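Right, one structure below, let's go through it.
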Amino acid sequence: MYHIIWHKNPDTDAILSALVAKEYFLAMGMDAEAYRLGELNKETEYLLKVIWVEAPQLISSLEAGSEVVLVDHNARGQAIDGLENLKVKCIIDHHSVESLSTSEPIQLRFDPVCSTCSILFLMFAEQDLEIPDPVAKMILAGILSDSLAFRSPTTTDEDREIAEYLAEDLGIDDIQAFAKAMFDAKSDLGDMPIRKIVELDYKVFTGGAKKFGYGVMETTNPAYALGRKNEIITDMRALKEETGLDAIFFSVVDILQEKNTTFVVGDIEKAAILEAFWAETVDMVADLGKRLSRKKELEPPVRAYFEKN
Ligand SMILES: [Mn+2]
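All the letters of the sequence shown, read from the start, carry residue numbers 25 to 333 under my numbering.
Have a look at this one:
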């Protein structure tokens, strides 16, 4: 039985791609179940409600020797604890590969598309499998979420074609309106505790000998984060200290205006931001212009900086 799991701090694409992968493996005649390793974000919660899909069972670990499929990640640091005791059977992902070693031959499916959901669409299509409506909706939502409705430079023509094909099939006339409702759900944070905000979409990376955390808040309401700037910065410093990081970053990405405002907590971060993006920090804030994608535009220059410094 395949246990399909995603990374820690999962985003919508991670969760939906796990649910879609489960349907794929079931359609292929295998036994599969999707599991969740953490809490759902507001966008995903909204989508599961709209699509009428149940959230997967919450787990924190799996029995040693369990067969697992990793979706939307491949780095050990982002995977479930105890991965070394599990049997990885398959990885379906669209992120860069830092290092990958397995003791047994496995199935790998990587494509440089905007979302893992796009890859799963291709897998369904290649096998001539029918895609039920809820699955089509999950794939569409995964694409729109990861690509910020085609605004992110990670978007390829293929992603756009898949999304348009699915939307037409589902009778969704206005893709942007469908996406806007998702983004608004994601932006509605209320009085969420500050640590949850910092870790909303947060990953830890390695550059040379340095470890850095990078959180992103994609939102249609940037004023919310800017209004809680001091609290967020205080908590980023605490998180950096608690987890022994060399640096920590947090970008507020205004989806609709396509604008990146990044919080800069100290001198190391300030130097990194200056050299990686040629951006000055004023009052602990740097304007990173139209950079929307952590994967393509934010993390690589910062990693390159730390590889040299
Ligand atoms: Mn993804």
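Just so it is clear, CB atoms sit at the ideal spot from N, CA and C, and this is done for glycine as well.
On a predicted model such as this, the values are computed, not experimentally measured, just so you know.
Which residues in the same chain as residue i place their Cβ atom closer than 7 Å to its Cβ, once the five residues preceding and following it in sequence are excluded?
i: L335; result: One cannot answer for residue 335 here, as it falls past the ends of the chain, which runs 25 to 333.
i: G313; result: N284
Measure how close the beta-carbons of residue i and residue j come, nearest whole angstrom, since I'm counting them as under 8 Å.
i: L194; j: L164; result: 7 Å
i: F207; j: T244; result: 5 Å
i: K46; j: A58; result: 4 Å
i: I199; j: A205; result: I199 to A205, Cβ: 11 Å. No contact.
Candidates the options: which alpha carbon is nearest residue i's?
i: I186; options: I155, L213, A205; result: I155
i: G268; options: K294, T305, T230; result: T230
i: H27; options: L110, A79, G101; result: L110
i: Q81; options: L61, L168, S123; result: L61
i: A295; options: I130, K161, T180, P325; result: P325
i: L263; options: V222, I292, Y248; result: V222
i: S84; options: T305, Q151, K32; result: K32
i: E108; options: H97, V92, D96; result: V92
Within the same chain, show all residues whose beta-carbon is closer than 8 Å to that of residue i, passing over the 5 residues directly before and after it, in chain order.
i: R175; result: I279, E282, L316
i: M308; result: K253, I257, F287, V288, V289
Taking Cβ positions, are residue i and residue j nearer each other than 7 Å?
i: K235; j: D270; result: yes
i: I29; j: I104; result: yes
i: E122; j: A99; result: yes
i: F335; j: Y238; result: Only positions 25 to 333 of the chain appear in the structure, and residue 335 is not among them; the question remains open.
i: I167; j: D183; result: yes
i: S139; j: D170; result: yes
Going along the chain, which residues of its own chain have a beta-carbon closer than 6 Å to the beta-carbon of residue i, five neighbours each way excluded?
i: A209; result: K66, E67, Y70
i: D225; result: D35, V240
i: E331; result: G231, G232
i: L94; result: I115
i: E321; result: R315
What's the gap between the Cα of residue i and the Cα of residue j?
i: P158; j: I75; result: 6 Å
i: W302; j: G106; result: 40 Å
i: G290; j: S90; result: 43 Å
i: I292; j: V44; result: 41 Å
i: Q102; j: K227; result: 7 Å
i: M54; j: Y48; result: 9 Å
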